[in-house]
DNA sequence: AATGTTTTGTAGCTTTGGCAACAAAGCCAT
DNA sequence: ATGGCTTTGTTGCCAAAGCTACAAAACATT
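Residue numbers (the numbering used here), protein chains in the order written: chain A, 435 to 665; chain B, 435 to 665.
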């Protein structure tokens, strides 16, 4: 296991060099645990004292509804972390439980030591703090953007905004979704057939054409207008 | 102007005592500006170097759509701030412009000095950093919860979740919304008449009754079930 | 009390999009 | 190629919710 390579997948450590990563185990109280599949590494309601980072394996997040039903609310892959929001918010308890989906290795870093500067004023400590801040701020940006899709009421508006955003991000008329139809429908919070139907109309109107994951934008003007005027 | 009282309305300084607030002007490079109504204190696209806090007056946030149209995307009252997300996220430029709605006083605090520990390792500096982290993390919590409402598709589900959340928060069967119907409809992202219609049905079904801002929950069980099973 | 203003309730009509069910096409393996 | 499996396209029906417009009530102000 190359901990250096693995950790750099994580936003908190993306710009750390190997020697800095080594220091994590000193003043940040970093420690590594190996668990087997099915292990519950975070239990909703329990206090959060550490950020956990998946170094090997994967996990699933669950929330428990009042009626007892467990609802999958996200997957964690290598480099993903848990507790990085709950550890600073509200009453500092886990909102969701994290269950390992396979045998996994988890690196923990103590939250109080991230926040409190140690006496040495180490630069890597400083860096971690800044990264934590950007990580949270970036997250807000992402969620805010996702919420925009949800607020648009018309099917055409949702689809247009998604395609237009991808167009802006990828900078070409031929965009790749990185979604299949099901996932796209789920992301936009609509039913797949209804979405499909509207995509056909947009094709008939000469705005787009598509084949599977690949969307060709024929009328960028129109798409932009639809995306921006969408209510 | 009592800067101590005013600043304590802000989440970053809520737990500061007066002597600590005074130190803001030392190592945090705090400074206060007075502006007149209409002044643009933040321009979308410009780099963010400071967090701004409204001490007197109020402001409106606008985003400019590609077609040039300005869209109101939020109001700022005394104690509210701007730049506290953009200052740490992405390319650190303002997403929106902030225009003062009346003659106002604004306190600025330099972001780099919030993040970098000064040599003195002052405790208030430390506190500010922790507050910034909780502020961002709390925000994520709030947005995440708002998004839940948007994801629920049925009218009854949205209304039920809103009322149930208020019930949990207020701990009584007689809840107060803090919304008028228009605002409530806007928050749930639905049309007011449709919402009204469904509220009537829920009344007919003996789940709730209401008069203006005051909602009485007659069947908590049922409401909970509706709120939690809502898709 | 009278008047204007805002908020809330009501009704009818229309559109949208959900849903179920099925068809067609792609994609793998054997 | 053959048969399973997944993804995508297609259809029709129907319920849900949007919208306009208006009525009624509540509230405020003179």
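Every residue, glycine too, gets a C-beta built ideally from N, C-alpha and C.
Predicted model only: the values in this text are computed from it and were never measured.
Quick check on residue i: does DSSP put it in helix, strand or coil?
| i | result |
| --- | --- |
| residue 574(A) | helix |
| residue 644(B) | strand |
| residue 608(A) | strand |
| residue 438(B) | helix |
| residue 518(B) | coil |
| residue 507(A) | strand |
| residue 448(B) | coil |
| residue 486(A) | strand |
| residue 635(A) | helix |
| residue 467(B) | strand |
| residue 549(B) | helix |
| residue 462(A) | coil |
| residue 544(A) | strand |
| residue 625(A) | coil |
| residue 613(A) | coil |
| residue 569(A) | helix |
| residue 591(A) | helix |
| residue 443(B) | coil |
| residue 586(A) | coil |
| residue 664(A) | coil |
Who are the near neighbours of residue i in its chain, counting only those whose CB is closer than 8 Å to its CB and skipping five residues on each side?
| i | result |
| --- | --- |
| residue 507(B) | 495, 496, 497, 530 |
| residue 570(A) | 518, 519, 522 |
| residue 462(B) | 543, 544, 547, 548, 559, 562 |
| residue 633(A) | 593, 642, 644 |
| residue 647(A) | 610, 611, 612, 613, 614 |
| residue 510(A) | 488, 492, 493, 494, 495, 516, 532 |
| residue 459(A) | 465 |
| residue 601(A) | 607, 609, 651, 654, 657 |
Please report the straight-line C-alpha distance between residue i and residue j, rounded to a whole angstrom.
| i | j | result |
| --- | --- | --- |
| residue 471(B) | residue 534(B) | 5 Å |
| residue 516(B) | residue 528(B) | 9 Å |
| residue 583(A) | residue 453(B) | 46 Å |
| residue 449(B) | residue 437(B) | 14 Å |
| residue 541(A) | residue 466(A) | 4 Å |
| residue 443(B) | residue 512(B) | 8 Å |
| residue 575(B) | residue 585(B) | 15 Å |
| residue 455(B) | residue 573(B) | 23 Å |
| residue 557(A) | residue 457(A) | 11 Å |
| residue 710(A) | residue 564(B) | The first residue shown for chain A is 435 and the last is 665, placing residue 710(A) beyond what the model contains. |
| residue 489(B) | residue 566(B) | 18 Å |
| residue 475(A) | residue 532(A) | 6 Å |
| residue 625(A) | residue 665(B) | 12 Å |
| residue 607(B) | residue 595(B) | 14 Å |
| residue 659(B) | residue 590(B) | 11 Å |
| residue 478(B) | residue 639(B) | 49 Å |
| residue 451(B) | residue 568(A) | 28 Å |
| residue 604(B) | residue 578(A) | 27 Å |
| residue 588(B) | residue 663(B) | 11 Å |
| residue 627(A) | residue 617(A) | 13 Å |
May I ask you to list the residues that DSSP assigns as paired with residue i?
| i | result |
| --- | --- |
| residue 668(A) | Given a span of 435 to 665 for chain A in the structure shown, any question on residue 668(A) remains unanswerable. |
| residue 495(A) | 532(A) |
| residue 476(B) | 532(B) |
| residue 651(A) | 642(A) |
| residue 538(B) | 469(B) |
Among the residues of its own chain, which have a CB less than 7 Å from the CB of residue i, if the five just before and after it don't count?
| i | result |
| --- | --- |
| residue 641(B) | 652, 653, 656, 657 |
| residue 649(B) | 597, 609, 611, 642 |
| residue 484(B) | 517, 542, 543, 544, 545 |
| residue 526(A) | 481, 482, 520 |
| residue 514(A) | 488 |
Grab me the residues of residue i's own chain with a C-beta within less than 6 Å of its C-beta, minus the 5 sequence neighbours each way, in chain order.
| i | result |
| --- | --- |
| residue 636(A) | 642 |
| residue 469(A) | 534, 538 |
| residue 581(A) | none |
| residue 622(A) | 583, 592 |
| residue 629(B) | 619 |
| residue 447(B) | 441 |
| residue 661(B) | 594, 595, 598 |
| residue 473(A) | 534 |
Going along the stretch 453–485 of chain A in order, which residues come within less than 9 Å of chain B, judged by CB to CB distance?
none
Can you list, in chain order, the residues of the stretch 503–531 of chain B whose Cβ is nearer than 7 Å to any Cβ on chain A?
519, 522, 523, 524
Can you pull out the residues from the stretch 562–579 of chain A whose beta carbon lies closer than 8 Å to at least one beta carbon of chain B?
563, 564, 566, 567, 568, 570, 571, 572, 573, 574, 575, 577, 578
Taking any Cβ of chain A, which residues in the stretch 585–604 of chain B have a Cβ under 8 Å from it, in chain order?
585, 587
Listed from N- to C-terminal order along the chain, which residues in the stretch 630–662 of chain A have their beta-carbon within a distance smaller than 7 Å of any beta-carbon of chain B?
658, 662
Residues of the stretch 612–626 of chain A with a CB closer than 7 Å to any CB of chain B: list them in chain order, please.
623
What residues in the stretch 535–552 of chain B bring their beta carbon closer than 8 Å to a beta carbon of chain A?
549, 550, 551
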